[in-house]
Each structure stands twice: as structure tokens, then as C-alpha cells.
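At position 92 of the sequence shown (counting the first as 1) the number is 922 in the numbering used here, and the numbers step up by one without a gap.
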Amino acid sequence: MISKDIARLIGADTGEEDAFFRFIEDNASVSPDTLRLRYRGASREFDINFAIDQIDCRRRTRTKLPLFNSNMKTLYPATVSAEQSSDEGIAAFHSRLVAGEERVADLTAGLGIDALALSLSCGKVTAVEIEALRSHLLAYNAVLFGRENLEAVNADCLQWLPEAGHFDTIFIDPARRGEMNSRKYRFADCAPDITANLDLLLSHCHRLLVKASPLLDLSAIREELPGVTEMWVLSRKGECKEILIEVRNEGEFSGVTAVEVDSNGNGEAFQVEASHLGNEEVRYAEELPAERGWLYEASSSVMKLGAWGEICRRWPSLTKAGGNSHLFFSAQRIEGFPGRELEIEGIVDKKILKSLKGRKINVVARNYPLTPEQIRKKAGVSDGGDSFLIGTRWGRAEKPILILAHRPN
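Right under this line is the structure:
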């Protein structure tokens, strides 16, 4: 049975539920802005603006939430819920971390993408959401997907928790937006404030998993949040999406793991132990790269770690291009590097640059005086193909150079 507020929005209270979903299906390819103008002031047996919101949300999350959108009757509370929701691949990674656990709580459920994923791998998930409509829609969507082990609770999580008992894992994603949609990054400025309520949270779980902005500094996280035992930097489709933090009452910090996550929550992990997070072992390139060498750039999640010393330790033939040029060079090809691999064709001088005019070449600038657009214009090239024109600074002298390279076969 659906709640009264949902019934009113979709016309179920007047028997027009089918018309609501038919409107969404029939107008799926129409711009939401066009629909809002077309149906401004129109009277229907369902909420026309809510129906248009569903079309808008589905368009915004086409690639991020394919499973959620595969059921034509799933409902979104509002466009902001779609924008702030987890990617399904990231949510699947979260689910893997709680596999086999009996009781899990998501204290900031929102749209419920994480809660729905968590419910696939553990005994019971309690999803707490302070906003009534979001909570009711989560309960509704859970029924659509047959998640009988998912309970949606409409409550303030900090007021609800003292009587909730003990959980194996508590998952929390503090809201990082304040007045006028301003972004907040310190945990003390987010809602709920987990720093002020850490004792309460940890007294009700074996471990706490905190989802945080990918823009946070890893060292600052440990300074602000006592009890951190492990962190994961998660990226999806080449974009760094979040930092996931494990906090326990007891235990030492073990290190950080970078993962480029696929749609199923899997990915190759690049784990750096706490003792190797420094950069004492970095080797810097001295000579300009020889022709037919190899250039490497770490994935976005590995880049976030900044563990250049660990990269040099694992691959002894690698040298870092420069102090602020986060590229690596090797005269020989290496195996297993977590990121992009390019084969160098040579250093670009004026003569070679002139010969590139009209070609399709991907242009990249890493710590270079010109932007990619400026390099592209200067070289007279357009984006595309398997070749790369890379602007960077080389060696301790930070000499600006252009490198021509291509993807290996």
C-alpha cells in the first residue's frame, strides 16, 4: 500500500495512476522545459509537475542509474535527489563491503540507491530519511524491486538511533550543502555533524562507513575524524566520485585504497599502506624522454592518493616527470600500471608541430604554460584519434616540453 502523499501525486487516489505513467512514457524524449511550458496551468488527475520531474530525473541519470530506471514505475522525489544520488556502480562497491552482515543502517538514505544496493548483500537494511516524501518513495521503490529486507524509516537519524539497537555497519553520507546551495567540506559543517556525534554513532555499530567529498584532503580527514582505520578513493568512468572512510572504536590506520569501479562494483585496487603514503622514494626524470619510451598517467583515484613514492617503489624503472608534473616515464614498457599508458614518439619541435596541422590528435596539458585549447590552436589540430599531444614540464628544472605519443596496440 502506498502512502497518501504518493497516491495524490501519481493520481492513484482517483484511479489515474496508469495515466500518470503513460504520460511519462509518452513524453520521455521531450525536453522537460518544453513540457513545463506546454502544460503550465494544466489540470490533471495527477500532479503534472511531479510527472515532468520524473522525466527530467530519468534523463539526468540515464547512465548513472540504469537499473533503477529499468523499472518504469520507479519514482524520484525531486531533481536534486537524482543529482546527489550515488552511481549504481559505486553503490555496488558499498554493498560488497557489507556482504554477509546481519544488520546494516543507512542513516542518510535520500533516494535510496545505496540502501537498495546494500539490501542485496546483507540480512536487513534500515534506511533512515528525515524528509517524509523521500522516505515514503524509498519504501515504495523497495517494494517495486522486491527488497523485503529493506525498511524505510522517516526520522531524524540522531534522534532515532539511541533506541535502534546495534548494527554491524552504519553507513552515513552527511549533507555537504548549506545555505544558497554552498558546498561544505569540513565534517563539522555538514549535516548531521558526525564529529560532534561520533561517540553516539560508534556506540551503535561495529564500524562506521562515512561517504565524503572527493575534494577533501586525506590527511585532513584523519585530523578531523578520530578512529579512521581505512579509506577508499573511488572513481567511476575516469572521474573521482567519493572518499569512503571506515571508522572504528579500536584499530589503527592501515592505509588507503584507490579503485576505478565498474558497473558491478568491481575494480582493480591500488592499495597503499600507511607507512608508504610519503614520497621519500620518488625518483625524478633528469634527461628528456628518449624516442619510443613510455609515458604513464595515474587514474583519477590513484592521482588523489598522491603516493608518487609508492609508484616509484613498485615500478623501479619509472621516474616522475617533474615536481608538479604528475606523469611518469620509463624507457621500457611496464605491466599493471593503474592508469593511462602511452608510447612516446618523440619531443615536438617547431618543425614537427607544423607537420601536425590538420590531424586529429588528443591534446593534454599537465603543468604546462598553455591550456589544451591554446595548444590545439597553435598546432592546428582537432580532438580525436589514437595520438596524443601532451604539454608538461620536465625534470627538476621544470622545462616546458610537448610530447607526441600514441595508444599502444
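No residue lacks a Cβ here, since even glycine has one placed at the ideal position from N, Cα and C.
Here the structure is a predicted model, which is why all the values come from computation and not from measurement.
Shown here for E1165: not one same chain residue has a beta carbon closer than 7 Å to its own, the five before and five after excluded. For the pair L1039 and S1212, the Cα-to-Cα distance works out to about 44 Å. The stretch 1131–1205 is shown to contain whole alpha helix (DSSP H) runs of 4 or more residues at 1138–1144, 1180–1185, in chain order. The closest CA to that of L941, considering only V958, R933, E932, is found on V958. With respect to the C-alpha of I1024, the residue from L967, L937, F1083, D944 having the closest C-alpha is L937. Non-local C-beta neighbours of P1202 in its own chain, meaning closer than 7 Å and more than five positions away in sequence, comprise V1193, V1194, A1195, ordered along the chain. The count of Cβ pairs closer than 8 Å, one atom from the stretch 1100–1109 and one from the stretch 1065–1073, stays below three, leaving the stretches out of contact. C-alpha of A1128 to C-alpha of S949: approximately 33 Å in a straight line. Burial state of Q1162 is exposed, judged by a 10 Å Cβ sphere holding fewer than 16 other Cβ atoms.
Under the three-state reduction of DSSP, E1110 is assigned to coil, being neither helix nor strand. Between S916 and D944, the C-beta spacing is below 8 Å.
Membership of H1236 in the beta strand (DSSP E) is indicated by the continuous run 1229–1236.
Counting only residues of its own chain and dropping the five nearest sequence neighbours on each side, S1131 has a CB closer than 7 Å to the CB of V1063, L1064, S1065, C1070, A1088, V1089, E1090. Following the DSSP letters along the chain, one finds S925 inside the alpha helix (DSSP H) bounded by residues 918–927. In terms of Cβ geometry, D883 and T909 form a close pair [threshold 8 Å].
In the DSSP assignment, Y1126 is bridged to F1158, E1171.
For C987, the enclosing alpha helix (DSSP H) covers residues 987–990. The three-state reading of DSSP puts C1020 in coil, since its state is none of H, G, I, E or B.
Linking F876 to S1155 through their CA atoms gives a straight-line distance of about 56 Å. Rounded to the nearest angstrom, the Cβ distance from N984 to A1005 is 16 Å, too far for a contact under 8 Å.
In this model, D1029 and L1055 are separated by some 11 Å (Cα to Cα). If you ignore the 5 residues before and after A972, its C-beta comes within less than 6 Å of the C-beta of L980, all in its own chain and listed in chain order. DSSP, read as helix, strand or coil, puts C887 in helix.
For N971, the enclosing alpha helix (DSSP H) starts and ends at 962–974.
Cβ-Cβ separation between H1236 and L1172: approximately 7 Å, consistent with a contact (criterion under 8 Å). Within the model, the alpha-carbon separation for D1003 versus G953 is close to 21 Å.
By the CB criterion at 8 Å, H966 and A947 fall outside the cutoff. Counting only runs that start and end inside the stretch 1045–1103, the alpha helix (DSSP H) elements of at least 4 residues fall at 1048–1054. If you compare the alpha carbons of E1098, L1048, R890, S1093 with that of V1086, the shortest gap goes to L1048. The C-beta of A858 has fewer than 16 other C-beta atoms within 10 Å across all chains shown, which makes the residue exposed.
By the criterion of a C-beta distance shorter than 8 Å, A994 is surrounded in its chain by A935, T956, H1034, once the five residues flanking it on both sides are discounted.
In the three-state reduction of the DSSP assignment, R1223 falls in the strand class, which pools E and B.
Where E913 is concerned, the enclosing alpha helix (DSSP H) starts and stops at 909–914. The DSSP-derived three-state label of K954 is strand. Per DSSP, reduced to three states, the secondary structure at A1042 is strand.
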